[in-house]
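>
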Amino acid sequence: MNIPFSSALRSILLLCMGMIAPVLCYSADWNNFIINYNKNLYGKGSQTWQINTYDESWIYFANQSGMLQYDGNSWSVFPLNNDSDVRSVLPSNTQKRIYVGGISEFGYFEPGENGHLIYVCLSDSLSEEERAIGNIWGIHEADNILYIQGDNRVIKYLNGKFTSIDAGCKIDCSDMVKGVLYVGTDNGVMVLIGNTFFPLRGADSLQTKRIRGVIPHTSGVIVVTAYDGLFHCDGDLCIPYKTGVEDFLTENEIFCVAASDDLIALGTVHKGIVVFNRLTREVKYFNENNGMQNNTVLSLAFDSSANLWAGLDNGIDYVCLSSPLTNLYTYPYSYGTGYDAALAGDHLFLATNRGLYYTKYPIALSANRPDILPVPHSSGQVWSLRKIGDQIFCMHDRGLFLIEGLSLKRVGQISGTWTCQLVTGTEDKMYVGVYDGLYLLQKKAGQWTVVHRVAGTSDSFRYFEQESAHVLWMSDQNRCMRIELDPTLSRVVKQTLYDAKDGFPSDKRIRINKIGSKVYFSTVEGIYEYNHYASRMERSEDISSRLNGAGPYYSIKEYNDHILGLNQREICISNLVTYKRGASTHILPLDMSAVELVRGAETLVPLSDSLVIIPNDNGFALARVLAQRQRKDYSKAVHIRNVFISYPKDSLIYTDNFRGEKLQSKVPYAQNAVRFEYGITSFTHGEEVSYQYRMDNGEWSDFTKSMVKEYSNLSEGEHTFQVKAVFADAMSATDSFTFRVLPPWYRTNIAYICYILLFAALMWYVYKWDDVRVKRKKQQAVVEKDKELQEREREFEKENARKERQIIQLEKDKLEHDLQYKSQEMANLMINFVRKNEILTEIKADLFKVMSAAKAGGGKDIRQLLLLVSNKIDSNIKSDDVLKRIEEQFDLVHNNLMKRLQERHPDLSLNERMMCAYIKMNLSSKEIAPLLNISVRGVETVRYRIRKKLLLEREDSLTDYLNSNF
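With the sequence shown counted from 1, adding 354 to any position gets you my numbering.
(1) Confirm, please, whether the CB-CB distance from A557 to G621 is below 8 Å.
(2) Using 8 Å as the cut-off, can you tell me whether the stretch 596 to 615 makes contact with the stretch 654 to 673, which would need three or more C-beta pairs spanning the two stretches below that distance?
(3) Who pairs with A975 in a beta bridge, going by DSSP?
(4) Considering just the uninterrupted stretch of the beta strand (DSSP E) at P1323, what are its terminal residues?
(5) To the nearest angstrom, how far is it from the Cα of V1204 to the Cα of T1195?
(6) Can you tell me whether E467 is helix, strand or coil according to DSSP?
(7) Report back the beta-carbon spacing between N468 and Y1008 to the nearest angstrom; my notes put them in contact at under 8 Å.
(8) DSSP has M749 in a bridge; who is on the other side?
(9) Report buried or exposed for R566, applying the criterion of at least 16 other Cβ atoms within 10 angstroms of its Cβ.
(10) State buried or exposed for Q561, treating a residue as buried only when at least 16 other CB atoms are found within 10 Å of its CB.
(11) Taking 7 Å as the limit between beta carbons, can you name the residues of its chain near T803, skipping five residues before and five after?
(12) Give me the Cα-Cα distance between S411 and Q423, rounded to the nearest whole angstrom.
(13) Note down the Cα distance separating N406 from M530, rounded to an integer number of angstroms.
(14) For a test of the three-state rule: what should DSSP assign to M299, helix, strand or coil?
(15) Under three-state DSSP, which class holds C523?
(16) Check for me: the beta strand (DSSP E) holding N867 runs from which residue to which?
(17) By the DSSP assignment, the beta strand (DSSP E) with P445 in it spans what residues?
(18) Quick one: is N1026 buried, meaning 16 or more other Cβ sit within 10 Å of its Cβ, or exposed?
(19) Just the C-alpha distance for C475 and L434, rounded to the nearest angstrom, thanks.
(20) Are the beta-carbon atoms belonging to L652 and T402 less than 8 Å from one another?
(21) Would you kindly report the start and end of the unbroken alpha helix (DSSP H) that includes I1273?
(22) Please state the DSSP three-state secondary structure of E607.
(23) What does the alpha-carbon distance come out to for the pair E821 and I670?
(24) Quick one: is K398 buried, meaning 16 or more other Cβ sit within 10 Å of its Cβ, or exposed?
(25) Counting pairs of Cβ atoms below 8 Å between the stretch 952 to 966 and the stretch 919 to 930, do you hit three or more?
(26) Please tell me whether Y689 and T706 are closer than 8 Å, where the distance is taken between their beta carbons.
(27) Could you have a look at M1252 and say whether DSSP puts it in helix, strand or coil?
(28) CA-CA distance, P906 and G645?
(29) Which residue from L826, K862 and D861 puts its Cα closest to that of S871?
(30) According to the neighbour-count rule (16 or more other Cβ atoms, all chains shown, within 10 Å of its Cβ), is W1118 buried or exposed?
(31) Can you tell me where the beta strand (DSSP E) with T1313 in it begins and where it stops?
(32) Could you give the distance in angstroms between the alpha-carbon of K1063 and the alpha-carbon of R845?
(33) What separation, rounded to the nearest whole angstrom, lies between the Cα atoms of Y380 and S761?
(34) So E1070 and Y1001 are in contact, right, with Cβ under 8 Å, and what is the actual spacing, rounded?
(35) Rounded to whole angstroms, what is the Cα-Cα separation between L1164 and A1271?
(36) Using the Cα positions of E483 and S477, report the straight-line distance between them to the nearest angstrom.
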């Protein structure tokens, strides 16, 4: 096969570049600080599968317990709908969303009205088959297209439409590089072009390797494999990319990768993290030996500060790569509390509370712990190390020792030594401060021997400096003394105490330092010096102005024409030669919480112009002084995290969110107790910060460390709460929150409308009342004039009423008389009718008797005549007009009862209607029988027929029916 010359030449160059082994050098820095976040802080989800950042203030983690959010101050957990592990997370700056993927589920989080994140599930809109995507290990975004990577396919999401693209093989990982989606599969690396996967050109050799990630490179990409290291692919060739740690990577299996500028971070299964610098070829190792919680690294991500987040199999770690502070060792592989250090040739000696240790310098860092060894027979408290000429003295609890090689040699029988220094103006005499006094030593024939104990010294000489060979200043932090010795330096001739009455701002925490030939005093309010003429202490404006303000400095040292000042929060370095009011002052913040200075033994040890050792409670830290002064941008560091209505119980109305949106909240007047929680975004937790706050542009409060402020009984209207964070370097950041306290119910718009209506009603009432009052006045005159007329009218009305009553009474009497007459007439008719019927009945009975006798005698003609008479009697009984008159009279007395009865029940016969009339008159059956010329049993029969025609039930009363309806 013929290969063009240019292509072949490029291939040879790439191969040569890839084969160049890194230059492994001893690092001037030590181990970067690692901040551990135990799983108990964020919901006990052990494994963290992916990490991503949003701006510089928000970190998001794909964790077993859900999506984790960390703002440098507090953790929050957000689970998915199906409660599965979150496998991937992608903060989108374009969509202002946080996309998440789990197991067969994906969606996004966005802030709600009060800032709290709300989950929107996107996978619910897919079909059941499309939703079975498995583990979603990656979510990527490019050109407004969202790519969701599952176990064997990728789903594209654009403008609300999903497109499923099958890879035809198992997908292990995916990465977006320069707008192109690379996927690592069990068949090598593939590239998604449009909606089709294509193998990566020239990468056939990777088909049998397990891919862990793809990262950008200056030309092409670097493919990371699990067991075979890194490969550089440029689209034509794929060659190994040498890091110099291939054996380490093969042995410990790469699991994840992250890249930032020239740094490549590789997370392994067995031995933590390897960070490789592509430019310098420098390698750093991070594992359990230097501070990590766990050696199995599942995810990595660089943040905007170039620091490294690591998601572990159990916990989360933060590697402070960009910090100028590094440490030598950490718990649990600790060698004790650091007190001092000294460099002698290629060995660095370390004074600790456990004894004296040494190590090679520069320190060779590897995946294992640094080689730090104890100096034989040095166990115990070592307070300090001092270099006198070319010799190093070890101040030990057991006495004074001289370091010779890698062993100790005791000097004299002094015990409990603090420090030592040459007597001013000599090379062979030395003062040694001990627990209870001061000794003078002299060098004779190359050997140091004790000359004598300085008489009159019984105090602790831990801190002392020489004004001259005969004049010493001594301090035990709570008092300061000027001591004058005799010419032989054998005894104290004068001792003067200096305290607050002599010019010091306080008697507490006074430390003595010497710059050049002059003694200075560090106090709680800055640097002071002694005025010989006034015999008083005065503020040293020269030194104070060279340092960062007038704060308390524990230690001030001179090194190579520089002043180094140390306090709790910073190292201040000032150039004595080029100093111009801060122009040559460098501030190095001690912004690592692990750097805790040893109280009473605060010191620093310069190794060079750019390296300073800081002994501390946790060992030794190394500070790198950068060539150019760099200051952190704290302008957006402070955030109001949460706002609560605290009465009658806590109710969250706002929580900080990655968008920074702050909708104006409304607080009911009856609940206007509001609590604000605020803090800075800090992932190192070492910044020295104080807070001030105010409401409605009032006066700023005093400085406080509290991060909570509560207000109550606020007036109605709009209020703005402001908080300001002030850092050690005098930089500050502010944040604010505006809210509105609603007016009380009696000052609402509805209440005002009611007030207007009530006022209008009152005005109308007043108007009506006044109108009535005027009318009453007008009517008063009429009333008086009408009184007589009214009296006359009343008398006339009384007379008319009396006459009307008489007329009514007369009419009533007449009606009663007419009624009585009619009733009497009806009664007479009925009596006559009854009597007539009785007589006719008797005659009929007698005729029946005659007929019976005639029948027996055989007189046929007689019988016919008698029968004719009987029939006439019956006809007379039934058709007598008296019944009609009775009926008419009854209607007249009883309001047309018979007529209404016939109209309502036309099927009733005359006898039946008469029967109803008799019942209406409350006559008994016995009284009714002769009136109807029937027997008593016949009366009951007629009653039955009437009830049947009236459709009455058995339990209904005929009498009640007639009385109630007629």
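Don't be surprised by glycine CBs; every beta carbon is placed ideally from N, CA and C.
So, from the data block:
(1) Numbered from 1 along the sequence shown, position 267 holds the residue referred to as residue 621. Numbered from 1 along the sequence shown, position 203 holds the residue referred to as residue 557. The beta carbons of G621 and A557 sit no closer together than 8 Å.
(2) yes
(3) By one-based count along the sequence shown, residue 975 stands at place 621. For A975, which the question treats as bridged, DSSP gives the partners N681 and I968.
(4) It is not possible to answer for residue 1323, since the shown part of the chain is limited to 355 through 1320.
(5) For this step, residue 1204 is matched to residue 850 along the sequence shown. For this step, residue 1195 is matched to residue 841 along the sequence shown. The alpha-carbon atoms of V1204 and T1195 are separated by roughly 14 Å.
(6) The count along the sequence shown starts at 1 and reaches residue 467 at position 113. Looking at E467 - three-state DSSP - the assignment turns out to be coil, as it is neither helix nor strand.
(7) Taking the sequence shown and counting its residues from 1, one reaches residue 468 at position 114. Taking the sequence shown and counting its residues from 1, one reaches residue 1008 at position 654. The Cβ separation is near 5 Å, so the contact holds.
(8) Counted from its first residue, the sequence shown places residue 749 at position 395. Per DSSP, S738 and L754.
(9) One-based indexing of the sequence shown puts residue 566 at position 212. The residue in question, R566, is buried, as its Cβ has 16 or more Cβ neighbours within 10 Å.
(10) Walking along the sequence shown from the start, residue 561 turns up at place 207. Looking at its Cβ environment, which holds fewer than 16 other Cβ atoms inside 10 Å, Q561 is exposed.
(11) Taking the sequence shown and counting its residues from 1, one reaches residue 803 at position 449. So the qualifying residues of the chain are G766, L795 and Q796.
(12) In the sequence shown, counting from the first residue as 1, residue 411 sits at position 57. In the sequence shown, counting from the first residue as 1, residue 423 sits at position 69. The alpha-carbon atoms of S411 and Q423 are separated by roughly 10 Å.
(13) Here residue 406 corresponds to residue number 52 of the sequence shown, with the count starting at 1. Here residue 530 corresponds to residue number 176 of the sequence shown, with the count starting at 1. Going from the Cα of N406 to the Cα of M530 covers about 14 Å.
(14) This structure does not reach residue 299, given that the chain is present from 355 up to 1320, and the question cannot be answered.
(15) Numbered from 1 along the sequence shown, position 169 holds the residue referred to as residue 523. Note: C523 maps to coil in three-state DSSP.
(16) Mapped onto the sequence shown, residue 867 falls at position 513. Unbroken beta strand (DSSP E) run through N867: R865 to I869.
(17) Numbered from its first residue, the sequence shown carries residue 445 at position 91. That run of the beta strand (DSSP E) goes S442 to S446.
(18) Numbered from 1 along the sequence shown, position 672 holds the residue referred to as residue 1026. When all chains shown are included, N1026 counts as buried.
(19) Numbered from 1 along the sequence shown, position 121 holds the residue referred to as residue 475. Numbered from 1 along the sequence shown, position 80 holds the residue referred to as residue 434. Our two residues, C475 and L434, have alpha carbons roughly 8 Å apart in a direct line.
(20) Within the sequence shown, the letter at position 298 stands for residue 652. Within the sequence shown, the letter at position 48 stands for residue 402. Cβ atoms of L652 and T402: closer than 8 Å.
(21) Residue mapping note: residue 1273 aligns to position 919 of the sequence shown, counting from 1. It spans L1264 to K1274 - the alpha helix (DSSP H) in which I1273 sits, taken as one unbroken run.
(22) For the purposes of this step, residue 607 is taken as residue 253 along the sequence shown, with counting starting at 1. It is coil, neither helix nor strand.
(23) On the sequence shown, residue 821 is found 467 positions in, with the first residue counted as 1. On the sequence shown, residue 670 is found 316 positions in, with the first residue counted as 1. As the crow flies, the alpha-carbon of E821 is around 53 Å from that of I670.
(24) Locating residue 398 in the sequence shown gives position 44, where the first residue counts as 1. Label assigned to K398: exposed.
(25) The stretch 952 to 966 vs the stretch 919 to 930: in contact.
(26) Along the sequence shown, one-based indexing puts residue 689 at 335. Along the sequence shown, one-based indexing puts residue 706 at 352. The answer is yes: Cβ separation under 8 Å.
(27) As a position in the sequence shown, residue 1252 is number 898, starting the count at 1. Residue state, collapsed to three classes: helix.
(28) Sequence index remark: in the sequence shown, residue 906 carries index 552 (1-based). Sequence index remark: in the sequence shown, residue 645 carries index 291 (1-based). In this structure, the CA atom of P906 is about 32 Å from the CA atom of G645.
(29) By 1-based counting over the sequence shown, the position of residue 871 is 517. Looking at the Cα atoms, L826 is the closest of the given residues.
(30) Counted from its first residue, the sequence shown places residue 1118 at position 764. Exposed.
(31) Taking the sequence shown and counting its residues from 1, the one referred to as residue 1313 is at position 959. Looking at the DSSP string, T1313 is not in any beta strand (DSSP E); the run it does join, the alpha helix (DSSP H), is L1312 to N1319.
(32) Here the question's residue 1063 lines up with position 709 in the sequence shown. Here the question's residue 845 lines up with position 491 in the sequence shown. Their Cα atoms are separated by approximately 60 Å.
(33) For the purposes of this step, residue 380 is taken as residue 26 along the sequence shown, with counting starting at 1. For the purposes of this step, residue 761 is taken as residue 407 along the sequence shown, with counting starting at 1. Its pLDDT being 44, under 50, Y380 is placed unreliably by the model, and nothing is read from it.
(34) The residue labelled residue 1070 in the question sits at position 716 within the sequence shown. The residue labelled residue 1001 in the question sits at position 647 within the sequence shown. About 16 Å separates the two Cβ atoms, so there is no contact after all.
(35) Along the sequence shown, one-based indexing puts residue 1164 at 810. Along the sequence shown, one-based indexing puts residue 1271 at 917. C-alpha separation (whole angstroms): 30 Å.
(36) One-based indexing of the sequence shown puts residue 483 at position 129. One-based indexing of the sequence shown puts residue 477 at position 123. Using only the alpha carbons, I get a separation of about 11 Å.
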